[in-house]
Amino acid sequence: MSSPDTALGTGEKRKLTLLAADLADWYRQGGGRSFPWREPGTPLYQLVCVEVLLQRTRAETVASFYNRFFTRFPGWQDLAEAPVEVLEEFLRPLGLWKRRAASLRALAAYAAEHDGMFPNRYEELLQVPAVGQYVAHAILMFQHGERFPLIDVNMARVVERFVRPRKLADIRHDPWLQQACKWLVRRGDPKTVNWSVLDHAALTCRARNPDCQSCLVSSRCAFKAV
DNA sequence: AAGACGGGGAA
DNA sequence: TTCCCAGTCTT
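Heads up: take any position in the first sequence, counting from 1, add 5, and you land on my numbering.
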């Protein structure tokens, strides 16, 4: 029995289920955003690289960088063979270039030893260099088709506003938020649900100036910013 | 539990 | 100028 503070309540589950259904529906009707890496058939290589490029970086920025990056580095081998200074310079306009270069090199080295495949268990994925909770979840969902939430600052903000704020500063250490996000992707196509939440966060439930007026689910939202 | 990494867009 | 961006790794 968990304390009511950390446990996901029945009413909360119901709220989240309905939220996910509404946002997924909105997404299927074309309400969300469109990015090159969301196109069907995008190779795992690109999906993993993009997750690194997206860290602390606007998706639109990465989208404008997408073609340039994958033209220069078409596969893991190209990434592994490039001198790190070249990679760093290439990533410079994105920011966090030293860290990102190191991450991509480490991932390329891992991929080379594992035939481009990644572990299918969460604990094992966390041992892979440059793979934290978010990327681990992304790989489990994209490569293995598992029902995992893309828990980032966006999903956290949507869930916290819609239901209730988390207690802990770090997203990954808040048990309630973790359960809530997991519940969010319990039904429906995982990619659709995840992307719909991220897009809702980026377009409507914005960090700075949330557009509650045009929000589809504002009537059931606990945030109530005017 | 904080700090570092980082350039660029938006308010 | 300040805040924020599909996080991860190090003190």
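Cβ coordinates follow ideal geometry from the N, Cα and C atoms, glycine included.
- For T209 and E118, the gap between their C-alpha atoms comes out near 42 Å.
- Sequence-distant Cβ neighbours of T62 in its own chain, meaning closer than 8 Å and more than five residues away, are L99, G100 and L101.
- As for any alpha helix (DSSP H) of minimum length 4 sitting wholly inside the region 156-180, the runs are 158-167, ordered along the chain.
- In chain order, Q148 place their CB closer than 6 Å to the CB of L49, counting only its own chain and leaving out the 5 sequence neighbours on each side.
- With contact defined as three or more Cβ pairs closer than 8 Å, the region 215-223 and the region 52-59 are not in contact.
- In the displayed model, C54 falls within a helix according to three-state DSSP.
- When rounded, the separation of the alpha-carbon atoms in L145 and E90 is 31 Å.
- In this structure P41 is in contact with Y71, their Cβ atoms being roughly 5 Å apart against a cut-off of 8 Å.
- A residue is called buried when at least 16 other Cβ atoms come within 10 angstroms of its Cβ; E165 meets this threshold and is buried.
- Sixteen is the threshold: when 16 or more other Cβ atoms of the shown chains lie within 10 Å of the Cβ of P195, as they do, the residue is buried.
- Boundaries of the alpha helix (DSSP H) around A116: W102 to E118.
- In the DSSP annotation of this structure, T47 is not part of any alpha helix (DSSP H), being labelled neither H nor E.
- Per DSSP, S219 lies in no alpha helix (DSSP H) and is assigned neither H nor E.
- Burial check for R97: the Cβ neighbour count within 10 Å stays below 16, so the residue is exposed.
- The beta-carbon separation of L84 and R110, rounded to 7 Å, stays under the 8 Å limit for a contact.
- DSSP places L28 inside the alpha helix (DSSP H), whose first and last residues are T15 to R33.
- Q132 is positioned such that its CB atom lies no closer than 8 Å to that of R177.
- With a cutoff of 8 Å on beta-carbon distance, A207 and R162 are scored as not near each other.
- Taking C-beta atoms under 8 Å as the contact rule, K20 and V140 fail to qualify, at a distance of about 28 Å.
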